[in-house]
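Student: Just so you know, we're using this note's numbering here: the sequence shown kicks off at 7 and counts up by one.
My questions will all concern the structure given below.
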Amino acid sequence: MNKDAVLATLIGFGIGLLITGLLLVGPNITKSLPKINLPTISFPQSKQKPAVTATPTPSQFAVTIESPMAEAIENSTDLLVSGMTSPGATVVIAGSVDDTAVAAQADGKYAGKITLAEGKNDIIVTAYRLLKQANQTITVYYTPESL
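Here's what the structure looks like:
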């Protein structure tokens, strides 16, 4: 056998014995070592305010779409979009083909017609009053086939 091979075998055997000895005797040695306590560091904590969820009140400016329903499938290109907002607000109904602007009535109701394109149509209704703006989006699908 080669001298280098014998030396490598002896070194490997020695390292294996050392690792095995540490695994067997190591836990007992650590018990006899002095305990080291690390200092505790505490940072000043900022006072976090609890999360406040605002509940909508009637005085808040908002717009809702009552018709058509979201994800509706229509078979006519003309679509009447209606809903509620603040009285006197200007409402812009934006479709994929055209836009319509209407004024909300005294009771807050609005209605306007837009034209649909075949397939998916995202309809965005935006209400403007004074310096405020509110919007809502729905998706409607148009197919010329009768359902």
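Cβ coordinates follow ideal geometry from the N, Cα and C atoms, glycine included.
The structure presented is a predicted model; accordingly, all values stated were derived computationally and were not measured.
(1) Looking at TYR134 and ALA100, is the spacing between their C-beta atoms short of 8 Å?
(2) Which of the three DSSP states is assigned to THR63 in this structure?
(3) Just to confirm, are ILE47 and GLN142 a CB contact at a threshold of 8 Å?
(4) According to the neighbour-count rule (16 or more other Cβ atoms, all chains shown, within 10 Å of its Cβ), is THR132 buried or exposed?
(5) For GLN123, list the residues DSSP reports as bridge partners.
(6) Determine contact between the region 136-152 and the region 73-89, defined as no fewer than three beta-carbon pairs at a distance below 8 Å.
(7) Can you pull the DSSP bridge partners for SER88?
(8) Just to confirm the assignment, what range does the beta strand (DSSP E) spanning LYS9 have?
(9) From this set, ASN8, GLY89, GLY20, which residue's C-alpha is nearest GLN111's C-alpha?
(10) Taking C-alpha atoms, which residue in PHE19, LYS119, LEU137 lies nearest to ILE130?
(11) Specify, as a first and last residue, the run of the beta strand (DSSP E) that ASN141 falls within.
(12) According to DSSP, simplified to helix, strand and coil, what is GLU80?
(13) Measure the C-alpha to C-alpha separation of ALA68 and SER152 and round it to an integer number of angstroms.
(14) Looking only at its chain, what residues have a beta carbon closer than 6 Å to the beta carbon of SER157, apart from the 5 residues adjacent to it on each side?
Tutor: Walking through what the data contain:
(1) no
(2) Note that THR63 has pLDDT 46, beneath the 50 cutoff, so the model's placement of it is unreliable and no number is given.
(3) no
(4) buried
(5) Residue identity check: residue 123 is Ala in the sequence provided, not Gln. According to DSSP, ALA123 bridges with nothing at all.
(6) yes
(7) SER73, ALA117
(8) Note, LYS9: premise wrong, no beta strand (DSSP E); alpha helix (DSSP H) at 9-38.
(9) GLY89
(10) LYS119
(11) 138-148
(12) strand
(13) 35 Å
(14) Only positions 7 to 153 of the chain appear in this structure, which leaves residue 157 out of reach.
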